[in-house]
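Here the sequence shown stands for residues 506 to 754, numbered as in the working numbering.
In this text, a Cβ means the ideal position worked out from N, Cα and C, and glycines have one as well.
Bear in mind that the values here come from a model prediction, so they are computed numbers and not experimental data.
Report on the following structure.
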Amino acid sequence: MVAKLPPCKVCAKADSGKYTCPTDHVAYCSVVCYKKHKVDGCFSTAAYQPPARPVVPVANEPQEDDDRPRKRLKNLHWPAEPDPTLWDDPLQRDEVKPVRHSELEAVATSPAIRALLAQPSIRTPLSRLLSLPHHQRTASLRVLLGLPAEPAPGVYRPEGGKRFATAVQSAEAMREERLGMSSAGTGGARGGRGGARGGARGGRGGGRGGAAGGGGLRVLQSTEEERKEVERFAAQVVDILEAVRGAAR
């Protein structure tokens, strides 16, 4: 079935609108009707529509806020709060003391600490440290900080248990030990540093020997860059503890 033509809009003749005006698309049947249509007024009634712009894919911008689920601080396995009388005893005033909950919270919520933990160069050796048993973890941390794997007699040893609290206490205790070694005089400091390097090498050697033959203390193998990063992290932790304790005085 042949489709019918529209009527001519100029002369109203049925089935004769075989042409359309290019301006307003009015159907007409002849040149005469077209000229009459132009004289009467040819205009477009359609609203102007700009040409469509090409769709440019929007790049996925990195989200500043990480929406991954996090464990609430109150749900962490906090160690027992230390005995407050430790801070009242004048004989223990200058000794390294256990870390209190407020100090642990200051470290855990520090933007500087979180920024450091976002760096793989720090996160990797710390993750390897936390995977070790307590005694090996403490010895490996000492070696990373340039100390002998085993502390000298009489040096404060944090008790094992909660890994985060133990790591914070160990960092502070080891810094005190390093300061004590460096304050023994020029000759003593050189000897102490030599002993620390020797102990560190011995500790790393002991780790290899223990892994191969079952003897000696196993410590974490690390690169010089990892040791520098861990020292930087430990220094930041100690700075936070000193700031919290200074504000509490």
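CB contact flag (serine 645, leucine 581, <7 Å): The count along the sequence shown starts at 1 and reaches residue 645 at position 140. The count along the sequence shown starts at 1 and reaches residue 581 at position 76. Contact flag unset, no.
Span of the alpha helix (DSSP H) around leucine 652: The sequence position of residue 652 within the sequence shown is 147, counting from 1. Under the DSSP assignment, leucine 652 falls outside any alpha helix (DSSP H); it carries neither an H nor an E label.
Neighbourhood of cysteine 513 by C-beta, 7 Å cutoff - its chain only, sequence neighbours within 5 removed: As a position in the sequence shown, residue 513 is number 8, starting the count at 1. If we look at cysteine 513 and ignore the five residues flanking it on each side, its Cβ neighbours are Ser521, Gly522, Ala532, Tyr533, Cys534, Cys538.
Paired residues, beta bridge with threonine 643 - DSSP: Against the sequence shown, residue 643 aligns to sequence position 138. Answer by DSSP bridge pairing: none, since threonine 643 is not bridged.
Segment limits, alpha helix (DSSP H) that includes alanine 517: Against the sequence shown, residue 517 aligns to sequence position 12. Counting along the chain, alanine 517 falls outside any alpha helix (DSSP H), and DSSP gives it neither H nor E.
CB contact flag (threonine 528, cysteine 547, <7 Å): For this step, residue 528 is matched to residue 23 along the sequence shown. For this step, residue 547 is matched to residue 42 along the sequence shown. One thing to note: threonine 528 has its Cβ within 7 Å of the Cβ of cysteine 547.
Counterpart residues of alanine 532 in DSSP-defined beta bridges: Reading the sequence shown from its first residue, position 27 is the one you call residue 532. Among the bridge pairs identified by DSSP, alanine 532 is matched with Thr525.
Rounded straight-line distance, which links the Cα of valine 544 to that of alanine 517: In the sequence shown, the residue the question calls residue 517 occupies position 12. In the sequence shown, the residue the question calls residue 544 occupies position 39. Looking at the two C-alpha atoms, the distance is approximately 17 Å.
Contact between the region 740-753 and the region 613-626 (3+ Cβ pairs under 8 Å): With a cut-off of 8 Å, the region 613-626 and the region 740-753 count as touching, because enough Cβ pairs lie within range.
CB contact flag (valine 749, proline 630, <7 Å): Along the sequence shown, read from residue 1 onward, the residue named residue 749 stands at position 244. Along the sequence shown, read from residue 1 onward, the residue named residue 630 stands at position 125. The criterion of a C-beta distance shorter than 7 Å is not satisfied by valine 749 and proline 630.
For alanine 753 and arginine 598, the rounded distance between their alpha carbons: Taking the sequence shown and counting its residues from 1, one reaches residue 598 at position 93. Taking the sequence shown and counting its residues from 1, one reaches residue 753 at position 248. Between arginine 598 and alanine 753, the alpha-carbon positions lie close to 15 Å from each other.
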